[in-house]
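For reference, the structure discussed in these notes is given below.
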Amino acid sequence: MIEPPVPPRLVFRALGPGLVGATALTLVHEGARRVLKHPPRMDVLGMRALAKGVRFFGFEPAKGRQLHRQTLAGDILSNGLFFSLVAVGRPKRPYLRGAVLGLLAGLGAVVLPPHLGLGKAPSRARPSTAWLTVAWYTLGGLAAARATKRLLARREAALPLGRAPQG
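Here the sequence shown stands for residues 447 to 613, numbered as in our numbering.
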């Protein structure tokens, strides 16, 4: 049976849990960057990617703190859109969806940068760095799943008694 497309309001509702997952991921990365000796430096990969993209379009990229801030904003936006996939679709098993999406994002963050010309050291300088990268993206997916469960619980609590959810 073919399912109807997802209504736009549900897509917009999915952005909230996606941003929760992205914010959790960014907070873990930024916190670890300050306390661990060899943390995954996804911010460095992001700055390289942003600078490369800006140069591709013929502009001069920002430098220093401004580039770092722009990268963090871009990370939250792009990861938020990606993690919002946890909340789209059937409401069953958001934790499984979150774990799988986070795992895939983490593996992509470890494997893809060298192939994109961004270097390998920031995400896999050591085996522990690669493992932390995958673990933290998985954590972001699980945070999005938790936010999705909360959203679904609030939605069901708002329904009058005896009515099944629509859509």
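Every residue, glycine too, gets a C-beta built ideally from N, C-alpha and C.
Exercise for the section: Measuring alpha carbon to alpha carbon, tell me which of H475, G464, E506 and T594 ends up nearest P537. Expected result: Locating residue 537 in the sequence shown gives position 91, counting from the first residue. P537 has its Cα closest to that of T594, out of H475, G464, E506 and T594.
Handout entry: For R459 and H561, the rounded distance between their alpha carbons
Key = Position 115 of the sequence shown holds residue 561. Position 13 of the sequence shown holds residue 459. Those two C-alpha atoms are separated by around 34 Å.
Problem - As assigned by DSSP and simplified to three states, the class of V534 - result: For the purposes of this step, residue 534 is taken as the residue at position 88 of the sequence shown. Residue state, collapsed to three classes: coil.
Practice task
Specify the secondary structure class of P463 as computed by DSSP and reduced to three states.
Solution key: For the purposes of this step, residue 463 is taken as residue 17 along the sequence shown, with counting starting at 1. Reduced to three states, the DSSP call for P463 is helix.
Handout entry: Selected residue, minimal CA-CA separation from L585, among P559, T575 and A551
Key = Residue 585 sits at position 139 when you count from the first residue of the sequence shown. Nearest option by C-alpha distance: A551.
Exercise for the section: Alpha carbon to alpha carbon, how far is L461 from R696? Give it in angstroms, no decimals. Expected result: Past the boundaries of the shown model lies residue 696; the chain is included only from 447 to 613, so the question cannot be answered.
Exercise for the section: Report yes if the C-beta distance between P486 and W582 is below 8 Å; otherwise report no. Expected result: The residue labelled residue 486 in the question sits at position 40 within the sequence shown. The residue labelled residue 582 in the question sits at position 136 within the sequence shown. A contact, by the Cβ cut-off of 8 Å.
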